[in-house]
Structures are given as C-alpha cells and as structure tokens.
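Line by line, the protein sequences give chains A and B.
No gaps in the numbering here: position 393 of the first sequence is 392 in numbering that gives the first Met the number 0, and each next residue is one more.
No gaps in the numbering here: position 157 of the second sequence is 156 in numbering that gives the first Met the number 0, and each next residue is one more.
Quick reminder that beta carbons are idealized off the backbone N, C-alpha and C, glycines included.
Below is one structure, written out as structure tokens; comments come after it.
There are 2 protein chains.
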Amino acid sequence: MERLPGFRDFYPEPLPHQDVWSADARQHIFDQWRTTARRYGFREYDGPPLEPLELFTTKSGEEIVGQLFDFEDKGKRHIALRPEMTPTLARMVAAHERNYKKPIKWFAIPQLFRYEKQQKGRLREHFQFNADLIGETDPAADAELIALLIDTLRGFGLTAEDFVIRLSSRNAWQDFFKHGGGDRAHEYEFFQIIDKLERTPPEEAEKRLSAMGFTLAGVTAFIQSGQPSAELECILQNLAARGLKDFVKIDYQVIRGLAYYTGVVFEAFDRKGEFRAIAGGGRYNNLVKLISGGKVDLPALGFGMGDVVLLELLKARGLLPKFDAPTDVYVLIEDEALRAISLKLVHDLRGAGYAVEYSLTPAKPEKQFKRAQELKATHTARLENDAYVRIRNSKSRDEIVTGLEGAANHLG
Amino acid sequence: MERLPGFRDFYPEPLPHQDVWSADARQHIFDQWRTTARRYGFREYDGPPLEPLELFTTKSGEEIVGQLFDFEDKGKRHIALRPEMTPTLARMVAAHERNYKKPIKWFAIPQLFRYEKQQKGRLREHFQFNADLIGETDPAADAELIALLIDTLRGFGLTAEDFVIRLSSRNAWQDFFKHGGGDRAHEYEFFQIIDKLERTPPEEAEKRLSAMGFTLAGVTAFIQSGQPSAELECILQNLAARGLKDFVKIDYQVIRGLAYYTGVVFEAFDRKGEFRAIAGGGRYNNLVKLISGGKVDLPALGFGMGDVVLLELLKARGLLPKFDAPTDVYVLIEDEALRAISLKLVHDLRGAGYAVEYSLTPAKPEKQFKRAQELKATHTARLENDAYVRIRNSKSRDEIVTGLEGAANHLG
C-alpha cells in the first residue's frame, strides 16, 4: 500500500531510499527554529490543523478554495486542512489578546496543506516556522522580526554569502502609485503586476501598466533606484546596529502576492538564485480586525519559513550534520548468567541519562561487539562478575574497571 | 470565528482561559517522551497525517469508517486523517525494512484524529507517543518495551504509587479458550466479551459466555488466579532484574479491544482508578504481513500513550512544572542615544545563547524595569556608556560593570 502523492514519510538515517525524507534532519531543523525563537523571546503556540473553511475564505477570498484540502464533515460543517497559520493566529490572538502584554511575540511550527495540481516532486504538505509580532507599529518591530529571520538562518551555519533578505514596502509602492496618479480602486491589481513582473514578457507588462497610466520604464527606474523610504531606512539602521547590514538589501521587486499585506514586506533568497524563496513575510495590520469581525484591532507582522527549500539549501551548502543514533553505551552480555545484573546496569545507565543499547537475546560476543561498532557507541560496558564492570572508551580505547553502582560516573 | 468542536488551541502560559490548552505543557510532555525514547535507543519517524482510507480498513475492518475523518479528495481518492499510527508504521517498515538492522526500535509523536460523537469535553484529536519494536519474538522485547513505558512515566515524576502496568496475554486466553473447548471461529468474539466484562451486567455476561460453553465463574476464577504464563513470567523476571517489579501486575481482565493483537497485551492505569487508561499496547505479529500484502513478515509490538489523560494525571498529582518564558537578560535602554549600541548588546547576548528581551520603543526606565520583573529575567543589563555595561543578577542583586565585548561571560 502506497502513501498519498505529495506526502512524505520521514525515516531515521541513514535513509533507506531516495524517495523518503530524514526524520533526523527534520528534528534538527525544528530544534534550531525553536532555539533561535526562544532567544528572541518568542513563545510557542499551536492551533488545530483543521479549521472552518470560512476562516481561510474570509482572509483570502473564495479563490483559495481551489487550492485547499476542504471537505464536509459528518456534522455537515465545511472544513479545511490549514494552508497557512496566520488566520489561526489572528483568531487565537483576537480571542485572548487581553491576557498578554504587547507586543505579543509568538511562534509555531505547523504542518500546512495545499491541494496543488500534482507535479513531479511537488509536495502537498510542508512544515513552516511561523514567527509573528503583534501589537507594535514601530519599524523597530519589523527590524526585530527580520533579525530573528536572519539569525535563524545563521543558526544553521548560513552566512551573508549564502542568503540575503530582499526588503521592500507596500507603503513605498502606494506612494509611487498615488504620486503617479493611480486610481485607488486598482491599487491591488497594480501590486499584482509588480509581483509578477519578473515572469511577465515586457510588452505585456507595458500594456497592463499603461492601462493604469504607468510605464514599464518608470516602474523599472523606481525599482532600480533602490532608495529606502524613511520606514525602510529605520529598519536598515536598526539591523546595522546589530551587525546585520550585510544580510539585507532594498529590493522593490518584492511585493508579495497575498492581498493582506499592508506595509513592509520581505523575502529571504539564496544568493546564487538556485532555489525558490527560503522565507517571506511582512506587515498585516488589518488582519486581526478582519478575522475578529472588528472586535480587536492590533497591528501585526510575521514571516513563514518552510522546511523544504531550507533543507535543499542546507544540503547544497554541505551544512547538514551527519545524523547517527547517539548511543552512549553498548552493554555486552557475554555470560548469560550475568544477564539479569546486566539489565540492571542498562537500566541504571539509562536512568543516569545515557542512551544505552544491548542485545535483547543471547548472541555471540563478536556479534555484539560488531553491533556496538555499527551503532558508533562511544563506550562499551561488560560485567566482570556480579559486582564489577569493565567500561571501555571506544575512541581512546581506555578501559576502567569499576563497581556496578558507580558505573555512570565513569562515562562522558 | 470559532475553532471546530473537539479541537484544541495551545497558548503560552499563563493560560488566558480555562477552555484552552498549554503549549508549554505540551512541549514539556513531548520533550520527556523524546528524551526517554532516545535513552532506550528508539529513533524517531513520522508519516503523513492523511493516508488512503484503505490502509485503516485493511487493518480494522469497515466498521472503523464510522469513527474517521474520511473524505474524497479532488483526485477522487478516498482518504482519511490517521486515527492511529500503527498502520502507517507497518506500511513504512514493510517498504524499507531491509535497510534497518533488527530489532527496529522506532518512536513517533503523531497527532491522531477520530470523528467521535461530540460530547462535552470530548476531543476529536490528541497527540500520542508511539513506541514500537519490530523483528523480535522473544519476550525480552516485550520487557524492553514495557520498561520504556514505565520509565517514560517515571520521567514525569510518577512513582509506583501513582500508576501500574496491568499485564496480560492473548496467548494465555487462547489456551484457556482452547482447553475449555471453545470453537476457534468464535475466539475473537470471546475476547470481546472479556474486554467488556467490567462494564457488562453479570447476567448478560453469563448468557453470552454460556452460549460459547463457558461460565462467568470459570472466567472469573481464571482472572483472579493471576497465575503468570511462562511468557509473562519471563517478562516479570526481566522487569524485576531492572528494579521495576513494583510497576507491573498480572491482570487477565486486560485483553484490548482491537482485533490485531496476537500475544502479550498491557495497559497503564493510575492506581487510584480516577482516569481512563494512560497507555496501552501489545504484540501484533501479523500486521506487517497483512499491510504488506504478504511480502514482509515481521513480528512486532508497541504501545501508545496519549497526551490528554497523561496531562490530567500530572495535574492531579501536582507534577506539572510552572512554565515561564525563560528570559535570561532584560536589556534596559534608559538613554536613547545608547539604543544602537544596546541593540548590539542584545544581539551579542542572543548570539551567545541567551534569551534576551528589551523594549522595542522608548519607554520610561521604571516601565522597563517592571517588564523585566514580569518576565522574571534572571539578569538585567544597562549600558553605562558606549563601552561599559552594568549587569545585575536579579536574585542575588550582585552587580558587575564590564566591557561590552565580554558581557556574555558574566552571566549564568
């Protein structure tokens, strides 16, 4: 029986097949995400993987339904597997924001689902690190969040030569649009043209822009100027104070497709341009109000970083550690008369915090020793008799004989 | 907008409302599960939360569909949210077992889903620690797995006075059934009667048993004998060798409802009998063969431990720690001229591994200090000028003035 197309099985390493994913690498990524978020004072939350469909259509319009795993449950509710975390976050914050000091700094590592047309290697689920900062309009909040994004990637060993944050702002584009005489009603349509500019033939872009009273040359000149707005200048200076100047550049090409962004937007890319965006985010000052039906009005911003592109990048840059089952001690049972006491030793060592393995059933000493080597056990332990144990450091080959009780003290 | 009934929102503590769950307690539980599993040499895996419906009906029959979140996707596939992990594990092991040494010792922490009739407080999802041992028939494997279950619960601070493993075996019941002249074709029906015995009126139980040629008195006598079979005696001795004798007792009342168990079965209960089972498991030697369509035949056993009953028990026994956001340093910015250098300090301390907070925007010194206290920051740090910083231990009130570069060395 096969798993569903677009879904992943995660196996312990070494991987048995190229078609499966590493559970160890996944955990390594999750650990690093959590570690950096906590250093920045972000706290973890989570919501249900299933939500009422309405939560997503309220935010993104009916067109999103075509890309969702949505269905009617046995209670006739129209529900969907979450395609993104932000609507759930907005719902949760709106429900209980009064109990939390502002700014609220929260993160989550949800699994997200999209029913995209199946293409080779195209996934229908991924995990995403979501970090959001709620209740602060000052650009200092944007800088804090972008610094978290940068340090998260640095935590994996990536440097300013590996990736860059392309920083932009819808406010800057709004000004450009307004000063150019654009009609407010077509503003979002204009943003959509900018968003797709890199992938649109110049004649077509020219045609669409001129229909709104703009020229491709004018738009291109604005992008190439790279002149930071006052708001973006604040963020750049803040990041420079932290020593993170080299990780960020103004790039008005970035505008983000989603309708709900209201200010600063940004994306993280590998410098060589080999991969899709590593992460993306921005301000969404109106979303909490929208989701709460007007009851709660809080400015907010956040980013999402998926596990798939990140993993590809880390692999390509040789930054994934080798994952072994960390076995601290392999207990050799060469005399079955000593099995019961050996089990006690196994149990004591585990109780002291060590990862311990042994042969469940009688086996030849050579076979046990070979297994210890395969597991790269840092120590072996073998009972001399019912009171003493011989502990051997596999690397230094140092041996020591000690009483059973104190065995745990002779490791490490 | 509300979340779906039977689903949970997880918030950072202190909890804003009695109707929501603690993300911190959840993480505490997950961490403890992982820690103990790794000490026992178990390695993590995961599969998709969605699987073909057939995977679950193959194992459990069509009747399970009534309790599932199942639906037809846009590709007309009949799929379901996983109600348990074992079929996925069996599928994954069958696909790639040749690449792993036996016994395979794996664990997972999946979220599982059941569409049960909605009752007050009844959940439709939970998280479950699954540990399985595959490829070994010897009762030593059963003992190893049960020891893991015991030590997992002990890791939370629970003792032999808090919980007990009720150990039983379908083999023992099979012998009883066969020696009593039972008809093989009705064996599973007989097991079902035993499984429900505690909740069945005696007259009804008597009637059903006598239809199969047994008496309630005979069955009760067998249960009350508590005489361990040879297989169970092995397990008891193995656990006794580890010093875990007090955590387990023979209880033939336990037989587990599911059809696929083939040998030893067990459940963990709180001694006071206040809660539902904390965990349950057993041998399922035929399942891998069944799921793989006969291609792979491996003996196996495993258990599942849900997060909900465990959390209730830990709360009731006062074994949940108090969860705070662990803030190591709060950086006070009392002179805005020093903000840029303060940001550098914030960044350096975070880079050194500390959780650091500060006020994103200008704020009165008293307000900043109050926030540091609310966050229970273990240290505060305040720049004296652009080269020196004053670090204060919040508890001892010791202060030290040090150069900016070495600040991280004066913490901890």
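Integer Cβ distance of Pro102(A) from Leu80(A), believed to fall under 8 Å: Looking up residue 102(A) in the first sequence gives position 103. Looking up residue 80(A) in the first sequence gives position 81. At roughly 30 Å, the Cβ-Cβ gap does not stay under 8 Å, so Pro102(A) and Leu80(A) are not in contact.
Selected residue, minimal CA-CA separation from Gln173(B), among Leu297(B), Glu188(B) and Leu300(B): One-based indexing of the second sequence puts residue 173(B) at position 174. Of Leu297(B), Glu188(B) and Leu300(B), the residue nearest in Cα terms is Glu188(B).
Opposing strand residues paired with Arg389(A) [DSSP bridges]: Locating residue 389(A) in the first sequence gives position 390, counting from the first residue. Its beta-bridge partners are Arg381(A) and Val400(A).
His16(B) beta carbon less than 9 Å from that of Ala94(A): Position 95 of the first sequence, counted from the first residue, corresponds to residue 94(A). Position 17 of the second sequence, counted from the first residue, corresponds to residue 16(B). A contact, by the Cβ cut-off of 9 Å.
Straight-line Cα distance separating Ala139(A) from Thr360(B): Position 361 of the second sequence, counted from the first residue, corresponds to residue 360(B). Position 140 of the first sequence, counted from the first residue, corresponds to residue 139(A). Cα-Cα distance, rounded: 7 Å.
Bridge partner(s) assigned by DSSP for Phe368(A): In the first sequence, the residue the question calls residue 368(A) occupies position 369. As far as DSSP is concerned, Phe368(A) takes part in no beta bridge.
Runs of beta strand (DSSP E) wholly within the segment 17-98 of chain B (minimum 3 residues, chain order): Uninterrupted beta strand (DSSP E) stretches at least 3 residues long and entirely within the segment 17-98 of chain B occur at 49-51, 69-71 and 77-80, given in chain order.
Glu43(A) classed as buried or exposed, judged by whether at least 16 other C-beta atoms fall within 10 angstroms: As a position in the first sequence, residue 43(A) is number 44, starting the count at 1. Buried.
Rounded separation between Phe213(A) and Gly179(A) - CA only: For this step, residue 213(A) is matched to residue 214 along the first sequence. For this step, residue 179(A) is matched to residue 180 along the first sequence. Whole-angstrom Cα-Cα distance: 7 Å.
Proximal residues, the segment 316-347 of chain B versus chain A, C-beta separation under 9 Å: Listed by position, the residues of the segment 316-347 of chain B near chain A (Cβ gap below 9 Å) are Ala324, Pro325, Thr326, Asp327, Arg338, Ala339, Ile340, Ser341, Leu342, Lys343, Val345, His346 and Asp347.
Beta-carbon proximity list for Tyr353(B), same chain, < 8 Å, skipping 5 on both sides: Within the second sequence, residue 353(B) is the residue found at index 354, counting from 1. Result list for Tyr353(B): Asp327, Val328, Ala407 and Leu410, in chain order.
Cα-Cα separation between Pro416(A) and Leu300(A), rounded to whole angstroms: Residue 416(A) lies beyond the range of chain A shown here (0 to 411); nothing can be said about it.
Sufficient close CB pairs (3 or more, under 8 Å) joining the segment 254-262 of chain B to the segment 283-301 of chain B: With the cut-off at 8 Å, the segment 254-262 of chain B and the segment 283-301 of chain B touch.
Residues that Ile78(B) contacts on chain A, provided the C-beta gap is smaller than 8 Å: As a working mapping, residue 78(B) is identified with position 79 in the second sequence. Result: Leu3.
Of the listed residues Val92(B), Leu309(B), His125(B) and Asp334(B), nearest to Pro82(B) (C-alpha basis): Taking the first residue of the second sequence as 1, we reach residue 82(B) at position 83. Closest by alpha carbon: His125(B).
Min CB distance Phe190(A) to chain B below 9 Å: Working through the first sequence from its first residue, we reach residue 190(A) at position 191. Not closer than 9 Å to any Cβ of chain B, the Cβ of Phe190(A) fails to qualify, so no.
Exposed unless 16 or more other CB atoms sit within 10 angstroms - verdict on Tyr39(A): Sequence index remark: in the first sequence, residue 39(A) carries index 40 (1-based). With 16 or more Cβ atoms within 10 Å of its Cβ, Tyr39(A) is classed as buried.
Distance CB(Val163(A))-CB(Val295(A)) smaller than 9 Å: Along the first sequence, read from residue 1 onward, the residue named residue 163(A) stands at position 164. Along the first sequence, read from residue 1 onward, the residue named residue 295(A) stands at position 296. No. Outside cutoff.
Any C-beta of chain B under 9 Å from that of Gln367(A): For the purposes of this step, residue 367(A) is identified with residue 368 of the first sequence, where counting begins at 1. No - not a single Cβ of chain B is within 9 Å of the one on Gln367(A).
Top-ranked residue by Cα proximity to Arg396(A), from Leu310(A), Ala386(A), Gly242(A) and Gln372(A): Along the first sequence, one-based indexing puts residue 396(A) at 397. Nearest option by C-alpha distance: Gln372(A).
Gly46(A) and Arg2(A) closer than 9 Å at C-beta: Taking the first residue of the first sequence as position 1, residue 46(A) is located at position 47. Taking the first residue of the first sequence as position 1, residue 2(A) is located at position 3. Not closer than 9 Å, so no.
Cβ of Asn98(B) within 9 Å of any chain A Cβ: Within the second sequence, the letter at position 99 stands for residue 98(B). Closer than 9 Å to some Cβ of chain A, the Cβ of Asn98(B) qualifies, so yes.
Alpha-carbon to alpha-carbon, Pro320(B) and Phe128(A): If you number the first sequence from 1, residue 128(A) lands on position 129. If you number the second sequence from 1, residue 320(B) lands on position 321. Phe128(A) and Pro320(B) have their alpha carbons spaced roughly 26 Å apart.
Residues of the segment 241-256 of chain B with Cβ closer than 8 Å to any Cβ of chain A, in chain order: Among the residues of the segment 241-256 of chain B, those with a Cβ less than 8 Å away from any Cβ of chain A are Arg241, Gly242 and Leu243, in the order of the chain.
For Glu266(A), the first and last residue of its enclosing beta strand (DSSP E): Counted from its first residue, the first sequence places residue 266(A) at position 267. Going by DSSP, Glu266(A) is part of the beta strand (DSSP E) stretching over Val263 to Asp269.
Span of the alpha helix (DSSP H) around Ser209(A): Numbered from its first residue, the first sequence carries residue 209(A) at position 210. It spans Pro201 to Ser209 - the alpha helix (DSSP H) in which Ser209(A) sits, taken as one unbroken run.
Cβ-Cβ distance between Leu257(A) and Lys343(A) below 9 Å: Your numbering for residue 257(A) matches position 258 in the first sequence. Your numbering for residue 343(A) matches position 344 in the first sequence. If you check the CB distance, Leu257(A) and Lys343(A) do not come in under 9 Å.
Helix, strand or coil at Phe190(B) [DSSP, three-state]: Stepping through the second sequence from its first residue, residue 190(B) is reached at position 191. Correct three-state label for Phe190(B): helix.
Rounded separation between Asp238(A) and Val345(B) - CA only: For this step, residue 238(A) is matched to residue 239 along the first sequence. For this step, residue 345(B) is matched to residue 346 along the second sequence. Per the sequence presented here, residue 238(A) reads as Leu, with Asp not at that position. Each residue's Cα considered, the two are about 12 Å apart.
Cα-Cα separation between Ile133(A) and Lys314(A), rounded to whole angstroms: On the first sequence, position 134 is the one that residue 133(A) refers to. On the first sequence, position 315 is the one that residue 314(A) refers to. About 34 Å.
Status (buried if at least 16 other CB within 10 Å, exposed otherwise) for Val253(B): Against the second sequence, residue 253(B) aligns to sequence position 254. By the 10 Å Cβ count, Val253(B) comes out buried.
Listed by chain order, chain A residues near Leu148(B) by CB distance under 7 Å: For this step, residue 148(B) is matched to residue 149 along the second sequence. Under the 7 Å cutoff, chain A gives no residues; its nearest Cβ is about 13 Å from Leu148(B).
Reference Gln26(B); option with closest CA among Val400(B), Phe368(B) and Leu310(B): Translated into the one-based positions of the second sequence, residue 26(B) becomes position 27. Among Val400(B), Phe368(B) and Leu310(B), the Cα nearest to that of Gln26(B) is on Leu310(B).
Per-residue DSSP class, three states only, for Glu333(A): On the first sequence, position 334 is the one that residue 333(A) refers to. Glu333(A) falls in the coil class under three-state DSSP.
Contact set for Arg275(B): own chain, Cβ-Cβ below 6 Å, skip 5 residues either direction: Here residue 275(B) is taken as the residue at index 276 of the second sequence, counted from 1. A distance below 6 Å between beta-carbons, with the five flanking residues on each side excluded, links Arg275(B) to the following residues of its chain, in chain order: Val308.
Three or more C-beta pairs below 8 Å linking the segment 218-229 of chain B and the segment 104-113 of chain B: By the C-beta criterion, the segment 218-229 of chain B is judged not to be in contact with the segment 104-113 of chain B, since fewer than 3 inter-stretch pairs fall below 8 Å.
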